[in-house]
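Notes for the one structure printed next.
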Amino acid sequence: MLAQGKRVSLVLGSGGARGLVHVGVINWLEEQGYQIESIAGCSMGALVGGIYALGKLDQFTDWIKGISAVEMFKLMDFTLAQGGLLKGDKIIKVLVELAGDALIEELPISYTAVAADISNEKEVWIQKGSLIEAIRASISLPLLFTPVQRMGVQLLDGGVLNPVPIAPTFGDHSEQTIAVNLAGSPDPMLADAGSKESVRTEQRSALGLKMAQFIDSLSPAAAVSTNLSMYRVVDQAFDAMQGTIARQKLAAYPPDILLEVPRNLCGTLEFDRAEELIAYGYELAGRTLAGAA
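Counting in this note's numbering, the sequence shown runs from 3 upward without gaps.
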């Protein structure tokens, strides 16, 4: 028998590499005997939640912790022809090799991937069909990945319109909703550390460095005129936008328990910090949920 309050709906927000925090949160919930009955996620939240729903989170964790800078670079399939810098085909191929695919409606738990239809200015809740295709639509970060065509519309990253998608869980019969917001207010302590090591931080991420070099090559004059590369400007602008939208959404639809992750915890593409970020999520879940018990 489950203890009261341990049947939960889990909402996993968007935030690039910060989404690896979700892995630590899920690990803690499982260790403490929580039963995750549904997942709603966008972007990395949709990816981590989907891989968990497939029962392959351990395999994904081992892979992301062990991937080298060279291997990460090899996953970058650059293109300039389709509305984004990366096609994303190589990353999706790796996910299929790691976890396989399944129809969402056949998963053992309820699952929703949230994407954004910007032409019609509305969220799209993907609750059936190929899980991997749903994840690919939800992670289509503007500028980075090419949009996904689905049912006659172009879909982008769900975080564009709703970085913390609470609403898909409204019909659940779980005992409580736990949400993880990756667009929380910046932590001044992290900001101070980041300002001292900004160059080194960008260099340590192979994907971030190559992205910055590629974008800067398109407009060298713009790169010279600022201390930040164009990549970092876009990265910070998107984080700021998501932070504002997340505050509005959470005020309108507050979850039972909210785990807040400062948006300056790491850069969008710092996947090389996987072990650190997963540990952060584990500790955050323990600290927050133990206090809420």
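All C-beta atoms, glycine included, are put in the ideal place defined by N, C-alpha and C.
Bridge partner(s) assigned by DSSP for residue i
| i | result |
| --- | --- |
| F147 | L88 |
| R127 | One point to set straight first is that residue 127 is Trp, not Arg, in the sequence displayed. In the DSSP output, where bridge partners are listed per residue, W127 has V116. |
| E262 | N183 |
| L304 | Past the edges of the chain, shown from 3 to 295, lies residue 304, and the structure says nothing about it. |
| L105 | S132 |
| F172 | The partner list for F172 (beta bridge, DSSP) is empty, contrary to what the question assumes. |
| R9 | Q37 |
| R152 | V155 |
| F80 | L88 |
Through-space distance from residue j to residue i, alpha-carbon basis
| i | j | result |
| --- | --- | --- |
| I69 | A104 | 25 Å |
| S45 | A19 | 10 Å |
| G15 | V155 | 23 Å |
| Q61 | L252 | 32 Å |
| I280 | I120 | 32 Å |
| A287 | I180 | 10 Å |
| G186 | E272 | 17 Å |
| N229 | M243 | A caution first: N229 carries a pLDDT of 45, below 50, which makes its placement in the model too unreliable to give a value. |
| E125 | L146 | 20 Å |
| P170 | E73 | 35 Å |
| T63 | A276 | 8 Å |
| L157 | N164 | 13 Å |
| A101 | D241 | 29 Å |
| I134 | E278 | 26 Å |
| G47 | W30 | 16 Å |
| A5 | Q238 | 42 Å |
| G21 | V50 | 7 Å |
| M191 | Y36 | 32 Å |
| G269 | S142 | 17 Å |
| T114 | I128 | 6 Å |
| G26 | N122 | 35 Å |
| A292 | A136 | 33 Å |
| V263 | E285 | 12 Å |
| Q34 | T81 | 44 Å |
| I259 | Q178 | 8 Å |
Check: residue i C-beta below 6 Å from any heavy atom of the ligand PLP
| i | result |
| --- | --- |
| K8 | As far as ligands go, the structure on display features none, and thus does not contain the ligand PLP. |
Check whether residue i and residue j have beta carbons under 7 Å apart
| i | j | result |
| --- | --- | --- |
| V116 | A248 | no |
| I111 | P257 | no |
| L267 | T290 | no |
| A118 | G57 | no |
| D132 | S11 | This sequence places Ser at residue 132; Asp is not what is there. No; because the gap between Cβ atoms is not below 7 Å, this pair is not in contact. |
| I94 | R138 | yes |
| L88 | D79 | yes |
| V307 | H24 | One cannot answer for residue 307 here, as it falls past the ends of the chain, which runs 3 to 295. |
| L109 | A42 | no |
| T148 | G85 | yes |
| R265 | G283 | no |
| G17 | L184 | yes |
| S40 | D174 | yes |
| L77 | K92 | yes |
| E107 | K130 | yes |
Residue span of the alpha helix (DSSP H) that contains residue i, given as start and end
| i | result |
| --- | --- |
| D64 | L59 to G68 |
| L367 | Because the chain spans 3 through 295 in this model, residue 367 falls outside it and cannot be assessed. |
Terminal residues of the beta strand (DSSP E) in which residue i lies
| i | result |
| --- | --- |
| L157 | V155 to D159 |
Any C-beta of chain B under 7 Å from that of residue i
| i | result |
| --- | --- |
| I180 | Here there is only one protein chain, and chain B is not present. |
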